[in-house]
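The sequence shown maps to residues 75 to 382 in this note's numbering. Using N, Cα and C, we set each Cβ at its ideal position, and we do this for glycine too. Since we're looking at a predicted model, the values are computed, not measured.
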Amino acid sequence: MRQNNTGKVVVSICMITYNHAKYIVEAIEGVLMQKTDFRIQLVIGEDSSPDDTREICETYAAKYPDIIRLLPSDRRYGMINNFFRTIDACDGDYIAICDGDDYWNDPYKLQKQVDVLHTSPDISVCVHATKMVNEKGQLVRTIGDYDKETYYSFKDNIISGNGATSSMLFRMKVLDKHQLGDILKNKAHQVDWSLDLLLLDKGRGCYLPDIMGVYRKHSGGVTSDRANNDAISVLNNRLFVVNNLKQYVSRKHRKYLNSFLGLLLLKSSKINKEKRTWNLISGAMYLLRYPHFLFNISKVKRRFNPFV
């Protein structure tokens with residue numbers, strides 16, 4: 075089966091990149107090697123990189139004009155704005171994500187995921203197992219919780235995501251980009267988790283155990299930036315996102331977010347106590363910002379045990 079580049083675009087790949095000259099070739103080649111019975115489109119959001127990323131992307135776009143659409147930039151958009159301008163340029167019914175420092179290693183990845191969504195209209199997002207490697211290409215761990223094809227829900231995904239961002243393929247029609255933008259408010263480290271939860275509010279998720287992608291953990295990546303923040307900053311970002319997310323999900327899912335909010339607040343208080351910064355004033359500030367906390371402590375322990 076070869077790639078079909080005629081007719082309507084079925085899958086658009088959203089690839090944002092900044093300063094990825096060392097990695098972008100492998101990311102693009104991982105898309106070009108896909109074997110599908112439908113047309114694909116690669117949209118690259120190049121964010122005014124100081125290295126050779128733009129030149130490499132321009133070379134590929136000139137060579138594969140029927141597949142690659144390059145969005146160059148003469149100024150920095152930043153991760154969030156670059157992500158949204160790239161998504162906006164996608165024409166497909168389905169969207170796959172692959173950042174410029176990650177890559178796919180299975181030529182049938184897109185075909186397998188599209189087959190799942192074609193077969194099951196109630197599934198809004200499909201993810202798969204992914205290898206995490208360090209800067210030397212050495213395996214750190216495998217991202218993925220299951221050893222067989224598994225369906226998961228909104229509640230399942232709250233505590234931890236079921237797949238790497240570069241493994242996601244979802245239905246474009248179920249994504250409300252304005253909602254996602256309002257939820258994030260430039261909290262770049264929460265894009266994958268917030269996106270997954272919004273999609274799972276509209277349908278089920280499907281996890282495939284096949285290792286079909288590679289995620290790089292390196293000094294210039296988002297995960298590395300996250301690791302450099304202290305734990306309380308990470309929790310505060312997630313508290314912010316959860317509080318915004320509540321207004322956009324169904325009532326059924328809102329109750330899980332309220333309970334998870336309580337869990338985050340409990341963890342925040344523990345971390346602050348360890349740092350000797352938790353006091354009546356900081357506690358009162360949290361309760362003013364997140365009033366549901368007082369009403370959900372008992373539910374937290376019931377719903378998210380043993381994570382509390």
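Residue ranges of each beta strand (DSSP E) within the stretch 163-218, 3 or longer: 168-171, 197-207, 213-217
D284 - containing beta strand (DSSP E), residue span: 278-290
Only counting the same chain, and skipping five residues up and downstream in sequence, which positions put a Cβ closer than 8 angstroms to that of R149? S122
Extent of the continuous alpha helix (DSSP H) run through R128: 127-137
Distance, T224 Cα to H204 Cα: Note that residue 204 is Thr in the sequence shown here, rather than His. One C-alpha to the other measures close to 15 angstroms.
Quick one: which unbroken beta strand (DSSP E) runs of 3-plus residues sit fully inside the stretch 76-105? Chain order, please. 83-91
Let's test the definition: count the other Cβ atoms within 10 Å of the Cβ of H192 and tell me whether it reaches 16, buried, or not, exposed. exposed
Starting from Q115, trace the alpha helix (DSSP H) both ways and give me its first and last residue. That residue, Q115, is in no alpha helix (DSSP H); its beta strand (DSSP E) goes 113-120.
Can you tell me the Cβ-Cβ gap for P283 and K222, rounded? I've got them flagged as a contact below 8 angstroms. 6 angstroms
Contact check, G279 vs Y226, beta carbons under 8 angstroms: yes
Kindly indicate which three-state DSSP category R328 falls into: helix, strand or coil? helix
Please report how far the alpha carbon of V201 lies from the alpha carbon of M107, in whole angstroms. 19 angstroms
With DSSP as the reference, please indicate the residues paired to F244 in a beta bridge. I169, V199
Going straight from the alpha carbon of V265 to that of G174, what length do you get? 16 angstroms
Check whether the Cβ atoms of R159 and P146 lie closer than 8 angstroms to each other. no
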